[in-house]
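Each remark here refers to the structure printed beneath this line.
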């Protein structure tokens, strides 16, 4: 049996392993309390030692989940050992590691995005803010901020205060000492994911994430409270625009930059009058979109990842199931404001449910699973329609019990409005 090492500990990594477990023996570094049920968790953080482990253990394929190890060069280390690893090298991971690099790249290769400046000069930032005709105004920290480095300021005064907080290091430390200020695009957001091998790509079904904590898109932004895929908000024309105007020029541009992009290109899009604009690039799967997408792939997952890592995507035909997946996040009591006390998780019999549970913020103690804080798990339902999949997801939510369980009750509401 093939051996796969997955780097990471969240839902994204759990779901990749969950759907690969029938094709390969799975190892996680480090994994979480739930991955132990079908995989081996290893506690090695150093990239060189991880590569040595992979070499000695005969790992056939390594898949990198989170952005930090990618930006910090884990792929370069593994390739030095002639190991097959799915993910971009550090020079290509800059598309996520630096928002300044990403925006300048988009501009250089004429890829549609919002009007912007990048600066570390407070006076230039103020000047640009004063010149803007429309509110709100978007301010982004350059570096990695665990998905929290974007502020949408409702007034020019708020925008200037945000600039002060970022450039002083008060808001995001060194990650905010160079910033992007850009116009606010008024449309709807989508997530698209392309599996890339440096020259070719496979575009997966578009997903839609729900960032706000509360129903009706109220409350603070979070890492995501639910997602669904595919979305009826995308037609064939829009998919073609994304392929031709965004993905193809990105892959060609990265080749010209001497940094061919291999791995997952996560495109955060704003759709304005059926025209796609790039909000951001990430260089890995998103949460909670990955949990739905893994369920939709009707081809060997191992072959898809392996061929992409080897630069041979043309050898396979990735097929997508004719179904919808909807994921509802269950978070801990105090999320996202503060940490929560550990709470034991119990799950009722799920044999009549069509779907699965993906785990992230969990620990195993004495063979019991505990919610350890943050976003704990996501309940993913399957169906032939958005409504059917959504109903299955909430059926699973009702089977899950832990003190303080918090979740939205309106996931996929935009798609339901379209579906009727």
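Residue numbers (this note's numbering): 440 to 859.
Just so you know, even glycine gets a beta-carbon here, dropped at the ideal spot from N, CA and C.
Computed from a predicted structure; not experimentally measured.
For residue i and residue j, what's the separation of their Cα atoms in angstroms?
i: residue 790; j: residue 689; result: 44 Å
i: residue 579; j: residue 655; result: 25 Å
i: residue 672; j: residue 854; result: 7 Å
i: residue 630; j: residue 721; result: 10 Å
i: residue 766; j: residue 823; result: 15 Å
i: residue 520; j: residue 618; result: 37 Å
i: residue 496; j: residue 481; result: 12 Å
i: residue 522; j: residue 499; result: 8 Å
i: residue 813; j: residue 726; result: 13 Å
i: residue 553; j: residue 626; result: 12 Å
i: residue 743; j: residue 564; result: 44 Å
i: residue 697; j: residue 595; result: 39 Å
i: residue 637; j: residue 749; result: 10 Å
i: residue 830; j: residue 846; result: 14 Å
i: residue 635; j: residue 534; result: 14 Å
i: residue 809; j: residue 849; result: 26 Å
i: residue 542; j: residue 704; result: 15 Å
i: residue 494; j: residue 774; result: 40 Å
i: residue 573; j: residue 589; result: 18 Å
i: residue 468; j: residue 451; result: 13 Å
i: residue 755; j: residue 746; result: 8 Å
i: residue 801; j: residue 817; result: 12 Å
i: residue 731; j: residue 600; result: 38 Å
i: residue 475; j: residue 622; result: 45 Å
i: residue 834; j: residue 751; result: 40 Å
i: residue 598; j: residue 444; result: 43 Å
i: residue 470; j: residue 836; result: 23 Å
i: residue 603; j: residue 652; result: 27 Å
i: residue 686; j: residue 679; result: 10 Å
i: residue 736; j: residue 606; result: 43 Å
i: residue 821; j: residue 677; result: 25 Å
i: residue 512; j: residue 528; result: 6 Å
i: residue 662; j: residue 815; result: 12 Å
Taking buried to mean at least 16 other C-beta atoms within 10 Å of its own C-beta, is residue i buried or exposed?
i: residue 436; result: Since the displayed the chain opens at 440 and closes at 859, residue 436 lies outside it and no answer follows.
i: residue 659; result: exposed
i: residue 785; result: exposed
i: residue 612; result: exposed
i: residue 694; result: exposed
i: residue 776; result: exposed
i: residue 608; result: exposed
i: residue 804; result: exposed
i: residue 538; result: buried
i: residue 681; result: buried
i: residue 562; result: exposed
i: residue 570; result: exposed
i: residue 454; result: buried
i: residue 778; result: exposed
i: residue 788; result: exposed
i: residue 701; result: buried
i: residue 506; result: buried
List the whole-angstrom C-beta distance separating residue i from residue j, where the pair is believed to meet the contact cut-off of C-beta under 8 Å.
i: residue 666; j: residue 649; result: 7 Å
i: residue 525; j: residue 558; result: With a Cβ gap of about 35 Å, residue 525 and residue 558 do not count as contacting.
i: residue 544; j: residue 620; result: Going by Cβ atoms, the distance from residue 544 to residue 620 rounds to 17 Å, so no, they are not a contact pair.
i: residue 581; j: residue 614; result: 6 Å
i: residue 843; j: residue 771; result: 6 Å
i: residue 516; j: residue 532; result: Contact flag wrong, Cβ pair sits at about 13 Å.
i: residue 889; j: residue 478; result: Lying outside 440 to 859, the shown extent of the chain, residue 889 is not represented and no answer is given.
On the DSSP bridge assignment, give the partners of residue i in chain order.
i: residue 809; result: 783, 802
i: residue 647; result: 667
i: residue 912; result: Summary: the structure shown does not reach residue 912, with the chain confined to residues 440 through 859, and so no result is reported for it.
i: residue 444; result: 466, 501
i: residue 696; result: The partner list for residue 696 (beta bridge, DSSP) is empty, contrary to what the question assumes.
i: residue 814; result: 770
i: residue 660; result: 651
i: residue 825; result: In the DSSP output, where bridge partners are listed per residue, residue 825 has none listed.
i: residue 701; result: 636
i: residue 580; result: 618
i: residue 763; result: 822
i: residue 845; result: 770
i: residue 642; result: 633
i: residue 839; result: 786
Does any residue of chain C have a CB that is nearer than 8 Å to the CB of residue i?
i: residue 448; result: Reference to chain C is not applicable here, since this structure consists of a single protein chain.
Q: Let me know the beta strand (DSSP E) ranges lying completely inside the stretch 461-518, each 3 residues or longer, listed in chain order.
A: The beta strand (DSSP E) runs lying completely inside the stretch 461-518 and spanning 3 residues or more are 463-469, 500-503, given in chain order.
Q) Fully enclosed by the stretch 584-639, which beta strand (DSSP E) runs are 3 residues long or longer? A) 589-592, 618-622, 627-636
(Q) Which complete alpha helix (DSSP H) runs does the stretch 521-567 hold, if anything under 4 residues is left out? (A) 529-536, 538-547
Q: Output the residue ranges of the alpha helix (DSSP H) runs that lie fully inside the stretch 708-757 and measure 4 residues or longer, sorted by chain position.
A: 728-735, 740-748
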